[in-house]
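Convert by adding 2 to the 1-based position in the sequence shown; the result is the number in our numbering.
The C-beta atom is built at its ideal place from N, Cα and C for all residues, glycine as well.
Keep in mind the model is a prediction, meaning the values are calculated, not measured.
Reading through the structure tokens given below for one structure.
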Amino acid sequence: MSDTVERIKCLIIGSGPAGYTAAIYAARADLKPIMYTGLEAGGQLTTTTEVDNFPGYPEGVDGTKMMEDLKAQAERFDTEVRFGIVTKVDLSKEVGGIHKIEVDGEKQIEAETVIIATGASASYLGLESEERLKGGGVSACATCDGFFYKGEDIIVVGAGDTAAEEATYLAKICRNVTMLVRRDEMRASKAMQNRVMNTKNIKVLFNTELDEVLGEKKAFGDEVVIGVRVVNNQTKEKHEIDVTGVFIAIGHKPNTALFTGQLDMDDTKYLITKGKSSKTNLPGVFACGDVQDHEYRQAVTAAGSGCMAALDAERYLSSLDD
Ligand code: NDP
């Protein structure tokens, strides 16, 4: 363990639109924020393609580019952005108390305020075959892995905007895309549904679920996807489809395990914030972005809540001086 403890005013955990916006505001308020990016620096938007709905980009913007811009803006106001993973937190229950944070299992930080912007991660179905074949053809990120399936046949599981977006993205790279939709309609917005339906090489199977991912052992024991078995949940009929890639796009779960037992969470483990604020149940600890929002989950709403968290942190620190 490191023997030097760093004492700071404001720690930001997570580097999506919420974290970076909190950083811009906290830095401009002279809180000298330090941000730890987490494993997926830039957050979920770095795994998306075009972002067309963030105000200020009339032509749309690449998700990764947008996060690079937000990072540059945060750094322009002297936010210190560090690559690292928060591994433990000991949050104070006292007003004016110091929050103890461990980074990468060794570095110790003492922070007067903590802004949590750890976001949410992709959910999986929970099939044993799905777990076994992760990295061998099962993925939750089309923009990360789609390239590997150029000219091949793949399936996308899910019926929300993410699934529709991934399917249309993959249709440009792959030969055939089959979407598995568990109900008789899609949840995705009408615009996204139209895009799916108007893409020739996307086929949508309604009332259909993934029953099993089928793999085959290659040389050196690596197992790769060679197909899927699907089941029609109305007729219970099963059939196999030959594919080499399986993209799971069924939503996300919040990254809150670190705070279990310390911060209040709802039934689905999202952090609970008070009223219209970013305040958690502990003084000096604030939450913003997808980690506390399962309702809107947009880059722009995450950014807005990041701004709120920085303002709440600043006001909290000012109130201690009164
Ligand atoms: P959603 O929660 O909106 O959709 C999840 C989808 O996965 C649903 O269709 C759901 O089916 C399906 N699903 C869940 N569990 C299973 C399962 N076990 N088996 C089969 N299917 C399952 O998540 P998204 O990630 O799509 O979107 C999250 C938010 O982000 C939304 O608000 C969305 O609008 C937004 N978004 C916006 C984009 C944009 O504007 N460019 C792009 C991507 C996301 P069912 O419908 O039956 O519940």
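Asked                                                                                                                                                                     : Found
Look at the Cβ atom of Val159, then the Cβ atom of Leu212, and state whether they are nearer than 7 Å.                                                                    : yes
Can you list, in chain order, the residues of its chain with a C-beta nearer than 8 Å to that of Gly217? Leave out the 5 residues immediately preceding and following it. : Ser131, Arg134, Leu135, Gly138, Gly139, Glu225, Val226, Val227, Ile228
Check whether the Cβ atoms of Ile10 and Ala76 sit closer than 7 Å, and answer yes or no.                                                                                  : no
Just checking Ala304 against the ligand NDP - is the residue's beta carbon closer than 6 Å to any of the ligand's heavy atoms?                                            : no
Which residues in the same chain have their Cβ closer than 7 Å to the Cβ of Asp163, if we skip the five residues on either side of it in sequence?                        : Ala190, Ser191, Met194
Does the beta-carbon of Asn196 have 16 or more other beta-carbons within 10 angstroms, so that it is buried, or is it exposed?                                            : exposed
Taking Ala312 and Ala31 to be in contact with their CB atoms under 8 Å, please state how far apart those CB atoms are, rounded to whole angstroms.                        : 7 Å
What do you reckon, are the CB atoms on Val346 and Val116 nearer than 7 Å?                                                                                                : A query on residue 346 cannot be resolved here, the shown segment of the chain reaching from 3 to 324 and no further.
For Asp244, which residues in the same chain have their Cβ closer than 8 Å to its Cβ, ignoring the five residues on either side in sequence?                              : Asp155, Ile228, Gly229
Please report the straight-line C-alpha distance between Asp106 and Ala119, rounded to a whole angstrom.                                                                  : 17 Å
On a CA-only basis, which of Tyr272, Ile175, Ala122 is nearest Asp147? Give me that one, please.                                                                          : Ile175
Going by C-alpha distance, which of Glu167, Val198, Ile204 is nearest Val179?                                                                                             : Ile204
If you draw a straight line from the alpha carbon of Asp266 to that of Leu284, how long is it in whole angstroms?                                                         : 9 Å
Are Asn257 and Ser123 closer than 7 Å when you measure CB to CB?                                                                                                          : yes
Comparing alpha-carbon positions, which option in Ser279, Gly121, Tyr318 lies nearest Leu260?                                                                             : Gly121
Suppose you measure from the CA of Gly18 to the CA of Met199; what does that come to, to the nearest Å?                                                                   : 31 Å
Using a 10 Å radius around the Cβ and a threshold of 16 neighbouring Cβ atoms, would you call Ile101 buried or exposed?                                                   : Note that residue 101 is His in the sequence shown here, rather than Ile. The residue is buried, with at least 16 neighbouring Cβ atoms inside 10 Å.
If you measure between the beta carbons of Ala29 and Met37, is that distance less than 7 Å?                                                                               : no
On the CB-based measure, 16 or more other CB atoms within 10 Å of its CB, does Thr89 come out buried or exposed?                                                          : exposed
Using only the heavy atoms of the ligand NDP, determine whether one of them is closer than 6 Å to the beta carbon of Ala221.                                              : no
Can you tell me which of Pro35, Lys95, Leu72, Phe249 puts its alpha carbon nearest to the alpha carbon of Ala326?                                                         : Residue 326 lies beyond the residue range present for the chain, which begins at 3 and ends at 324; the question has no answer from this structure.
Asp64 bridges to which residues according to DSSP?                                                                                                                        : Glu52
Can the beta-carbon of Ala169 be found less than 7 Å from the beta-carbon of Met181?                                                                                      : yes
One question on the structure: do Thr48 and Thr66 come within less than 7 Å of each other, judged by their Cβ atoms?                                                      : yes
Can you tell me which of the three DSSP states Arg317 falls into?                                                                                                         : helix
Would Ile87 pass as a contact of Gly40 if the rule is Cβ separation under 7 Å?                                                                                            : yes
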